């Protein structure tokens, strides 16, 4: 399913590079640039 098997620890998504694919990401937190890149690629960034 996902890249991380256990959601016991908080995970923050950071941006590095360029995102070209539409992805759906659920995480504890996002950097502003990571959220922007995900949404600009047509994906969704959801805080859980």
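Residue numbers (the working numbering): 1 to 48.
C-beta: ideal position from N, C-alpha, C; glycine also.
On a predicted model such as this, the values are computed, not experimentally measured, just so you know.
Endpoints, beta strand (DSSP E) assigned at residue i
i	result
residue 15	Residue 15 -> no beta strand (DSSP E), and no H or E assigned at all.
residue 27	24 to 27
Nearest candidate by alpha-carbon position, reference residue i, set the options
i	options	result
residue 37	24, 28, 48	24
residue 41	30, 18, 13	18
residue 31	4, 22, 21, 11	11
Length of the line joining the Cα atoms of residue i and residue j
i	j	result
residue 47	residue 8	15 Å
residue 35	residue 16	12 Å
residue 28	residue 2	14 Å
residue 33	residue 13	10 Å
residue 44	residue 20	13 Å
residue 5	residue 26	13 Å
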